[in-house]
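Worksheet: one structure, shown below.
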Amino acid sequence: MDTKALEKFCPWARVELIDAVRLRCVRYALDDAGRAAHPADADVVAGTVLAPSEKAQRAALFERIERLNEERGGKGYAAFCEQQAYSWFNRFAAIRFMELHGYLSNNVRMLSAGSGAFEPECLRMASELDLPGLELAEVLDLITAGDDEVLFRRILVAQMNELADCLPTVFGHVDDADALTLPDNLLAHGEHDVLFHLVADIPEETWGDVEALGWMYQFYNSELKDAFFKSKRKAAAEDLAPATQLFTPDWIVRYMVENSLGRLWMLNNPGSRLREDMAYFIEPDAQHEDFIRIEGPEDITFCDPACGSGHILVYAFSLLFKMYAERGYRERDVPRLILTKNLSGMEIDERAAQIASLVLAMCAREHDRRFFTRGVTADIQVLSNIEIDVDALDPASALRQRPQLIEALAHLSEIGSLLSPSPEDLGALKSELMRNLSGDLFVSHTQTNIERAANCCETLSRTFDVVVANPPYMGSGNFNPFMSKWSKENYSSEKSDLCYMFIERIKNQRKHLGYAGIAASNSWMFLSSSEQSRRKVLEECNIITLVQLAQGGFKGIAAQVFAFILANRCDAPRRGTYIRLCDFRSPALQAEKTICAINDPSCKWSYKTDSSVFFDLPGTPIAYWATSALHDAFQCNSPIGSWLITRQGMSTADNDRFLREWWEPSYCTIAFGIRCSSEAQECGLRWFPYQKGGDYRKWFGNNDLVVDWKNDGEAIKNNADPRTGRIRSHNYNGNYSFKEGITWSDVSSGNIHLRLSEYGSLFDGRGAKGFAKSHQENLYALALLNSNIALKFLEFLAPTLTYQVGDVAKIPDPHLNIERSSAIANANVNLAKADWNTQETSWDFKRNPLI
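Under our numbering, residues 861 to 1711 are what the sequence shown spells out, in order.
Following this line, the structure appears as C-alpha cells:
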C-alpha cells in the first residue's frame, strides 16, 4: 500500500494533538504552573469559576497527573499530554476507518460527507442519531442555536462511548474527565486542525485495509524514535516502545505465518485447499519433522509475544478463518472462536495494544455484522509495571523470598514477555493470594497487585502451538542499568541484543513439536556475540526455512533482517529451505524473488541445507550457502590465527585532542621508523605514525595520521573522566606497538582491504593489525587475506562488513607456496608504495612524477 500520506500526517498530528491537549490543560490550570497555583479542589482557576461538573473533571485529571509525576520522576504532565494525544489520535483514526467501511451503528459518517469532503454527515443527520447519552432535546436546541461546534463535540463523544462498550481497550468511556482534554475547534479547516487533515490529506483508498492502522502507529512514533537514537541516552521504560516498534512488511508476515501456522494445518490436513491461498508456503519434504496433531481449528493456539499493532495477528486471523470455513463453520460464529480460542498477543505499549485490539475487531466485524454487540474482545495482554509492597507481605511468605520476581514485575513494562516465570514463582503468587489478608486499604492494594501479578505470570507461563513475532531490536549499549543487569542474569548467552533474547524466549514459548517464526537482525546469524545463542537454537531446533533480506528490506530500519521458522530438532538430517535476497534491494522485488525461489527451488538464490552442518564452521554461523569445499577447507586446514596474531587497536577516547594529520605538527617532532617502546621513549619526540583504517586501499598506504605518544602515551593513558576518575582510553597493545604487520579497516562498505604496516606505527581500534613472526610471513598473510579465497570465507565470517580480528583469524590457511605468494605480495606492496608516494600527502613524497 502507498503510505506516503500516512508518513507525513501521523507525526504532524502527534505534535498538533499534544499542543491542543496542552491548551485545554492550561485553560483548566492542569499544567505544572497551574497545579502549583490552584489545588485539586479549587473552585476558581485562571479567573473562571468552575461549574460543579468541571470541578470534578479537573480534580480527577489533577490526581492522574500527580500519579504520573510520581512514576515519571516529575515528568507526569508531559506524559499525560502524550497519553491524551495518542488516545484521541487512536479514536479519530478508528472512527475514520469504521465510517468508510460502514461499521458504525447508525451508518452515518462522523467525520466526512459522502462526497469525501470534511463536512461531517452526522451534523446533517443529528436529530436522527441513536447514540447513548445524546439527548434529542439538547440536539434540537443546539441545531436551533446553530452551534455546530458544540453539537459535533456531543455527537463525537456519544459515538466514542457507544464504541467503548464493544471496544473498551481501544476507546474506553470518554468520561467527564477525558472530555475535558478533547481539543477545541474540531470543525475548523485550518493548517493546525487534525480532523480536517485526517479527512482531506489521506486518500480514502488508503483506508481500504486494516494495515493502514498499523502503519499509522509506526509513523506516529517516528519522531520519538529518531529523537531517542539521536540523544544516545540509555533507554528508559518510556523509550523502549517507540524506539523498537517496527511495522513488519506484509510479505514477511505472510512468509512467517504460512510456514508455521499454515504448515501445522497442512501437515494435519494434506488435502486442504488452503495451500492455494498461501503464496509463501514451502511444501514439507516427504521426510518432514514430527508435528502436533489437531482435530480441528479450535485446537490451535497462536501467540505473538511482541505484537505491536497486530499485523501478524491479523494475518493469522485470516488464515484461521479459512481453516474454519473449510470445516464448514457458520461465518458469523468464526470471529468469536478465533478471538477466544486461537489468538493471543502480548505488548508493553498500551498504544500499540489498542491498535492491535482495534484491527482484530475490524477483522471480526468484516465477517460478523453483529460482532460489536457480542461482548468479545481480542486477547491482548498489556504488560505494565506491577508494584508489590514487600513490607505488606508476611516475613515468612514464599513471595517475599523471591526478590528477583518482585523486581522483574516492577519493571514489566521494560522486559515484557521476556519474563519467564518459573512454577515456583507462580506457586508463590498463588499461595500469597490464598492467605487471609486484612481489609486494610493499604494491604488491599497490595492484594490487588498480587492478583494482577498472578494473572500476568499465568499468561506468561503459557505455551502455544505456534509463536510468531518480529521482536524489538536494540543493542545492549542502549540498555538502562536495570535492563543491563537483568539481561545478564536471565539471558546470559543472548544479552547483547533484545532480539537475541526474544529468539530464546520465543523458542521456549512453543509447545513440544510446535513452531516458532521470528524476524530478527542479521547480526544474530553471524556475529561472535550471538554464537552461544545460535548454538543453543541449533542444538534444540531445526531451521525449517529462512529468508535473508537485503539491506533496506524493512522500512524504518537500516540493518539487514532475516526471518526463519524453527521446529523441534530431529535425529535424522532434515534439510531446510534458505532464500538469499541480498542482491535484490527493492522490498517489492524481494517479495517477488521469494515466490520465485519457492516455485523454482533450482534458482540460484535458493539453497537446501541441514542446519546441523553449521556446527562444522568456526563460530557456528548460519552460512547456508557455504559449499562442501568451503566446509572441507575449515575441516582440513588450521586457521590463519594459529600463526598470525591479530589485535584490535587502541581507543584514545579523544581523537580531536590526540590525533593529527601528519602535516599539522612540525615534521621534526614526528618519530619515524621506531621499532620498540623503549626506543620511542628515548627519542623524546611527541608524534608517531598511527594506523586508523581509512579509504579502500590494498597493499600499502593510508599513512596520514600521527598520535601523541610522548613519554609512552602519558597523556592518553591519563585521559580520565573528570566526573568519575575512570580512565577513558584503553587497549594500548604495548607489546605490539611499532612492530611490522598487516593492517585493515575494521569497517568497510565493501570488501576487506589489507596493507603492509611497516615498523614504527601504533594502531587504532578502526585499524586492526595482524603480526607474523617474519617479514616473509607478513607478506604471505597479506597475499592470502587480499585474495578472493579470503573473501569467500569472509562472506559468512563477517557478512556485516565489520571485519573483526577474530573473524580474520578464523580464515583457514590453505598452505600456499610461501615463497611464491610472499614474492607476489612484495611486488604489489612496492607498486602500491610507489603510487602512494607520488602524492604530496605522503610523508615520503619526493617529487611529482609528471615533472
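Glycine included, every Cβ here is placed at the ideal spot set by N, Cα and C.
Rounded C-alpha distance that separates residue i from residue j
{"i": "Phe-1444", "j": "Val-1407", "result": "12 Å"}
{"i": "Glu-1083", "j": "Ala-1451", "result": "28 Å"}
{"i": "Met-1385", "j": "Ala-1513", "result": "31 Å"}
{"i": "Met-1116", "j": "Glu-1186", "result": "22 Å"}
{"i": "Ala-1238", "j": "Leu-1203", "result": "8 Å"}
{"i": "Asn-1697", "j": "Arg-1707", "result": "9 Å"}
{"i": "Lys-1290", "j": "Asn-1338", "result": "35 Å"}
{"i": "Gly-1299", "j": "Asn-1309", "result": "Below a pLDDT of 50, predicted positions are generally treated as unreliable, and Gly-1299, at 48, falls in that range; the measurement from the model is reported next regardless. Looking at the two C-alpha atoms, the distance is approximately 15 Å."}
{"i": "Asp-1099", "j": "Arg-887", "result": "29 Å"}
{"i": "Ser-1353", "j": "Ile-1678", "result": "40 Å"}
{"i": "Asn-1515", "j": "Gly-1625", "result": "12 Å"}
{"i": "Trp-1703", "j": "Glu-1524", "result": "12 Å"}
{"i": "Cys-1536", "j": "Ser-1621", "result": "10 Å"}
{"i": "Ile-1439", "j": "Ser-1277", "result": "30 Å"}
{"i": "Leu-1477", "j": "Tyr-1467", "result": "17 Å"}
{"i": "Asn-1648", "j": "Thr-1662", "result": "17 Å"}
{"i": "Glu-1539", "j": "Thr-1701", "result": "26 Å"}
{"i": "Ala-1139", "j": "Leu-1121", "result": "14 Å"}
Reduced DSSP category for residue i - H, G, I as helix; E, B as strand; rest coil
{"i": "Thr-1529", "result": "helix"}
{"i": "Pro-1709", "result": "coil"}
{"i": "Trp-1559", "result": "strand"}
{"i": "Pro-1195", "result": "helix"}
{"i": "Trp-1604", "result": "strand"}
{"i": "Glu-1354", "result": "coil"}
{"i": "Ala-1658", "result": "coil"}
{"i": "His-1635", "result": "helix"}
{"i": "Gly-993", "result": "coil"}
{"i": "Phe-1056", "result": "helix"}
Same chain only: Cβ atoms within 7 Å of residue i, ignoring 5 sequence neighbours per side
{"i": "Phe-1414", "result": "Leu-1106, Pro-1109 and Val-1421"}
{"i": "Glu-1521", "result": "Asp-1564 and Leu-1565"}
{"i": "Leu-1269", "result": "Ile-1246, Ile-1248 and Ala-1313"}
{"i": "Ile-1215", "result": "Asn-950, Leu-1073, Gly-1074, Tyr-1077, Ser-1169 and Gly-1170"}
{"i": "Arg-1588", "result": "Ala-1513, Asn-1579, Ala-1580 and Asp-1581"}
{"i": "Ile-1198", "result": "Phe-1177, Leu-1180 and Phe-1181"}
{"i": "Lys-868", "result": "none"}
{"i": "Ile-855", "result": "Lying outside 861 to 1711, the shown extent of the chain, residue 855 is not represented and no answer is given."}
{"i": "Asp-1285", "result": "Arg-1262, Leu-1265 and Cys-1317"}
{"i": "His-898", "result": "Ala-889 and Val-905"}
{"i": "Ser-1321", "result": "Pro-1281 and Leu-1286"}
{"i": "Asp-1137", "result": "Lys-1182"}
{"i": "His-1033", "result": "Asn-1021 and Ala-1024"}
Beta-carbon spacing of residue i, residue j below 9 Å
{"i": "Val-1327", "j": "Asp-1193", "result": "no"}
{"i": "Leu-1723", "j": "Leu-877", "result": "Shown here, the chain extends from 861 to 1711; a query on residue 1723 therefore has no answer."}
{"i": "Asp-1740", "j": "Leu-1047", "result": "With the chain covering 861 to 1711 only, the question about residue 1740 has no answer from this structure."}
{"i": "Ile-1378", "j": "Ala-1423", "result": "yes"}
{"i": "Leu-1657", "j": "Val-1668", "result": "yes"}
{"i": "Pro-1332", "j": "Thr-1487", "result": "no"}
{"i": "Leu-1519", "j": "Ile-1530", "result": "no"}
{"i": "Cys-941", "j": "Arg-882", "result": "yes"}
{"i": "Ser-842", "j": "Leu-1000", "result": "Only positions 861 to 1711 of the chain appear in the structure, and residue 842 is not among them; the question remains open."}
{"i": "Val-1174", "j": "Leu-1220", "result": "yes"}
{"i": "Trp-1111", "j": "Pro-1157", "result": "no"}
{"i": "Val-1665", "j": "Ala-1628", "result": "yes"}
{"i": "Gly-1630", "j": "Ile-1505", "result": "yes"}
{"i": "Gly-1412", "j": "Pro-1447", "result": "yes"}
{"i": "Pro-1195", "j": "Asp-1228", "result": "yes"}
{"i": "Trp-872", "j": "Arg-956", "result": "no"}
{"i": "Ser-1388", "j": "Pro-1672", "result": "no"}
{"i": "Leu-1654", "j": "Ile-1684", "result": "no"}
{"i": "Arg-969", "j": "Glu-988", "result": "no"}
Identified DSSP bridge partners for residue i
{"i": "Cys-1456", "result": "Looking at the DSSP assignment, Cys-1456 forms no beta bridge with any residue, so it has no partner."}
{"i": "Ala-1580", "result": "Ile-1587"}
{"i": "Tyr-1550", "result": "Leu-1565 and Leu-1622"}
{"i": "Lys-1468", "result": "Thr-1437"}
Check: residue i C-beta below 8 Å from any heavy atom of the ligand ADP
{"i": "Pro-1481", "result": "Absence of the ligand ADP is noted for the structure shown, with no ligands found whatsoever."}
Cutoff 8 Å; reference residue i; Cβ partners in own chain excluding five residues on either side
{"i": "Ser-1681", "result": "Leu-1639, Tyr-1640, Ala-1643 and Leu-1644"}
{"i": "Ala-1410", "result": "Gln-1420, Leu-1441, Cys-1442, Asp-1443, Phe-1444, Arg-1445 and Gln-1450"}
{"i": "Leu-1259", "result": "Ile-1248, Leu-1253, Leu-1265, Ile-1266, Ala-1288, Leu-1289, Ser-1291, Glu-1292 and Ile-1310"}
Cβ-based neighbour list, residue i, same chain, cut-off 6 Å, excluding 5 preceding and 5 following
{"i": "Asn-929", "result": "Gly-936"}
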